[in-house]
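The numbering of the sequence shown is the UniProt record's numbering, which starts it at 1 and goes up by one.
All C-beta atoms, glycine included, are put in the ideal place defined by N, C-alpha and C.
Predicted model only: the values in this text are computed from it and were never measured.
First comes the structure, then the notes that go with it.
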Amino acid sequence: AKLKSDLQAGKISVGLFHTAGKGTRLAPMPGSECNNKPAVKLPAVIKTKTGTVFPLTILEAVIKQTGVYASSRKGRLSVFWGDQVFIPCVKTSYTPTHHADILARLGPMPDKETYNREGLFNYGLICVDEKGDAKQIEKVSYEVATSIGDFKEVGTSVGSFSVSADLLGALMTAFEPELKSKTSKMDTDPHFWMPLTLDCKTYCDFMLSKGEFTSKEKATAHFQRIAKVKDALKEVEPKGKYFGAVDIGTKDLCYWWDYGQVKYYMENNLKLLKGSTQAEKDEAKAMKTFLGLESKGTVKGPLKAVNCAVSDVTVKDNSNASNSVLSTVTSASLDVQDSILVNVTAGSISCKNCLIYNVAITDDLKLEDGQIVVGVTCGNPAKPHLIKSKFNVCGKKNWKKWTQTKDMTEEDLALVKQNPYTFQEIYNMNKTADVVKTSSIIAKHTDACKKEIMGKL
1 AKLKSDLQAG
11 KISVGLFHTA
21 GKGTRLAPMP
31 GSECNNKPAV
41 KLPAVIKTKT
51 GTVFPLTILE
61 AVIKQTGVYA
71 SSRKGRLSVF
81 WGDQVFIPCV
91 KTSYTPTHHA
101 DILARLGPMP
111 DKETYNREGL
121 FNYGLICVDE
131 KGDAKQIEKV
141 SYEVATSIGD
151 FKEVGTSVGS
161 FSVSADLLGA
171 LMTAFEPELK
181 SKTSKMDTDP
191 HFWMPLTLDC
201 KTYCDFMLSK
211 GEFTSKEKAT
221 AHFQRIAKVK
231 DALKEVEPKG
241 KYFGAVDIGT
251 KDLCYWWDYG
261 QVKYYMENNL
271 KLLKGSTQAE
281 KDEAKAMKTF
291 LGLESKGTVK
301 GPLKAVNCAV
311 SDVTVKDNSN
321 ASNSVLSTVT
331 SASLDVQDSI
341 LVNVTAGSIS
351 CKNCLIYNVA
361 ITDDLKLEDG
371 QIVVGVTCGN
381 PAKPHLIKSK
391 FNVCGKKNWK
401 KWTQTKDMTE
411 EDLALVKQNP
421 YTFQEIYNMN
431 KTADVVKTSS
441 IIAKHTDACK
451 KEIMGKL
């Protein structure tokens, strides 16, 4: 009750961090974190006041980044995606002017040629008129976009948004049956922002074309529910201002790092090493600054690292790493190229174009080119397993059973079939896991592996 009253009174700003799905396309990494997708670690560390070092999770990075909006959003609920980080290139403090606002990479409304060249018809767009009011449109042609209104700015949404306490209350009242039953699902773009900003015909035509509703009557009924929400806010400040946009800068200047898929996790973290152009150098510098990797990193032992980002790495024998990102790694020796290693302990490691994550073993780890290896407990932290995959194996398409999709080779299929469990089986076994207990057992197991490896040396 106090939280609600303080929010309504404008005393506090509330942040909600959305898990953004169970992580099928990031598999097998969320399975290594008891199904907690935002708990997947980034190649950076946090050092506590006592000197203890912990890997930085995606969620912690998101909280660190989005905190800059808190002071501007007293009396509002902010919702942020828990699998992506964006770095604005414009001022982040602002005065909210609408009951709902959404973060977007805005730029001037382009002409038809530019609109088509940039492929804007492939994206959900936020379009802003001269009054600052915005509309949400979804994958439409230039002709359709301009027929909806005269827009000053247009850009792609990053999904994160904020709502006033009054709009939050109106939505909770309107959808009370669904909130009580907890048996249905709605998405903000098609079910909130589009009916909030478009006319009924445009909205219904779009929803029917996408198969979101089975009939015009059902689409119209939903539109009318949102219309009642708008009616409830007619006399509430800011009057008549329902949906606006908060600019984070143009796509060429601001940064947006999506970690929601394995290939994006790899691509975006390797941006730490890019430097062929000035733009790449600037982004690498920004990422290093944000993750606290400005220095050469903490390295113990004879590691020769060429064009690498390292933090908390320990080796004993002469080791080599090139064009790689290494974080919280302990090994007898390394021979690593074009790879990412996060929270890895192994006797020795040899790999190229690989991703190794949450592995703690005393054996040597020698991988074929392009492999993904992730340590998972499958609900039993006393018996961890190594789950293997490849970057062209789609976790979503291979969730329930191993299937050779068009991007996979026969060798890829043979590799994943060696795994003791499918991604869904790992997910199901993790459902009953005690996260705290699991983390404690894994930490002890990792420490034991480190001591045994160091003893061998």
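Problem set entry | Test item: CB-CB of Lys47 and Asn35 under 9 Å | No, Cβ-Cβ distance for Lys47 and Asn35 is not below 9 Å.
Problem set entry | Range covered by the beta strand (DSSP E) that runs through Tyr357 | Counting along the chain, the beta strand (DSSP E) containing Tyr357 begins and ends at Leu355 to Ala360.
For this session: Would you grab the beta carbon distance between Phe17 and Ile102 for me? Rounded to a whole angstrom, and I think it's under 8 Å.
Result: At roughly 16 Å, the Cβ-Cβ gap does not stay under 8 Å, so Phe17 and Ile102 are not in contact.
Exercise. What is the DSSP secondary structure of His191, reduced to helix, strand or coil?
Worked result: Three-state DSSP puts His191 in a helix.
Exercise. Which one or two residues does DSSP pair with Ala305 in a beta bridge?
Worked result: Residue pairing from DSSP places Ala305 in a beta bridge opposite Ala321.
Exercise. Is Gly23 helix, strand or coil by DSSP?
Worked result: The answer is coil: DSSP assigns Gly23 none of H, G, I, E or B.
Exercise. Is there contact here, the stretch 238 to 252 with the stretch 94 to 111, by at least three beta-carbon pairs under 8 Å?
Worked result: Yes: the two stretches touch, three or more of their Cβ pairs being nearer than 8 Å.
Exercise. Would the beta-carbon of Phe151 fall within 9 Å of that of Tyr255?
Worked result: No, the pair does not count as a contact, with Cβ atoms beyond the cut-off.
Exercise. Once you ignore the five residues that flank Trp257 on each side, which residues in its own chain have a CB closer than 6 Å to its CB?
Worked result: The residues are Val85 and Asn268.
For this session: For Ser78, write down the residues that DSSP places opposite it in a beta bridge.
Result: The bridge partners DSSP lists for Ser78 are Gly15 and Ser162.
Problem set entry | Under the three-state DSSP convention, the category Asp111 falls into | Note: Asp111 maps to coil in three-state DSSP.
Exercise. Which residue comes first and which comes last in the alpha helix (DSSP H) that contains Pro177?
Worked result: Segment Glu176 to Ser181, the alpha helix (DSSP H) holding Pro177.
Problem set entry | Terminal residues of the alpha helix (DSSP H) in which Lys417 lies | Boundaries of the alpha helix (DSSP H) around Lys417: Glu410 to Lys417.
For this session: Classify Leu341 as helix, strand or coil using the three-state DSSP reduction.
Result: Per DSSP, reduced to three states, the secondary structure at Leu341 is strand.
For this session: Would you verify that the beta carbon of Ile148 is, or is not, closer than 9 Å to some beta carbon of chain D?
Result: You won't find chain D in this structure, because it holds only one protein chain.
Problem set entry | the stretch 272 to 283 contacting the stretch 28 to 42, beta-carbon criterion three pairs below 8 Å | Contact annotation: the stretch 272 to 283 does not touch the stretch 28 to 42, with fewer than three C-beta pairs closer than 8 Å.
For this session: Could you check the C-alpha separation between Asn353 and Val144 for me, to the nearest Å?
Result: Val144 has its alpha-carbon roughly 43 Å from the corresponding atom of Asn353.
Exercise. Pro28 and Phe391 look like a contact to me (Cβ under 8 Å); what is the Cβ gap, rounded to whole Å?
Worked result: Actually they are not in contact, since the Cβ atoms of Pro28 and Phe391 sit about 12 Å apart, beyond 8 Å.
For this session: Going by CA-CA distance only, name the one from Gly395, Ile148 and Thr330 that's closest to Lys135.
Result: Minimum Cα distance to Lys135 is reached at Ile148.
Exercise. Quick one: is Val373 buried, meaning 16 or more other Cβ sit within 10 Å of its Cβ, or exposed?
Worked result: Counting Cβ neighbours within 10 Å, Val373 comes out buried, since at least 16 surround it.
For this session: Measure the beta-carbon distance from Glu452 to Thr362 and round it to whole angstroms, keeping in mind my assumption that it falls under 8 Å.
Result: At roughly 5 Å, the Cβ-Cβ gap stays under 8 Å, so Glu452 and Thr362 are in contact.
Exercise. Buried or exposed: where does Glu283 fall if 16 or more other Cβ atoms within 10 Å of its Cβ makes it buried?
Worked result: Answer is buried; the Cβ neighbour count reaches 16.
Exercise. Where does Ala245 sit, in a helix, a strand or coil, going by DSSP?
Worked result: If DSSP states are grouped into helix, strand and coil, Ala245 belongs with the strands.
Exercise. Leaving out five residues before and five after Trp399 in sequence, what residues of the same chain have Cβ atoms less than 6 Å from its Cβ?
Worked result: The residues are Thr24, Phe423 and Gln424.
Exercise. Taking the C-alpha atoms as reference points, what is the distance between Leu367 and Ser32?
Worked result: Answer to the nearest angstrom: the Cα atoms are 19 Å apart.
For this session: Count the other C-beta atoms from every protein chain shown that fall within 10 angstroms of the C-beta of Lys37, then say buried if there are 16 or more, exposed otherwise.
Result: Residue burial annotation: Lys37 is buried, with at least 16 other C-beta atoms found within 10 angstroms of its C-beta.
For this session: Quick one: give me the first and last residue of the beta strand (DSSP E) that Asp258 is part of.
Result: Its beta strand (DSSP E) spans residues Tyr255 to Asp258.
Exercise. Is the beta carbon of Ser157 less than 9 Å from the beta carbon of Ser72?
Worked result: Taking 9 Å as the Cβ cut-off, Ser157 and Ser72 do not qualify as a contacting pair.
Exercise. Secondary structure at Glu153, three-state DSSP: helix, strand or coil?
Worked result: If DSSP states are grouped into helix, strand and coil, Glu153 belongs with the strands.
Exercise. Buried or exposed: where does Ala332 fall if 16 or more other Cβ atoms within 10 Å of its Cβ makes it buried?
Worked result: Burial call: buried.
Problem set entry | Of the listed residues Glu153, Gly15, Phe192 and Gly159, nearest to Met172 (C-alpha basis) | Here the closest residue by C-alpha is Phe192.
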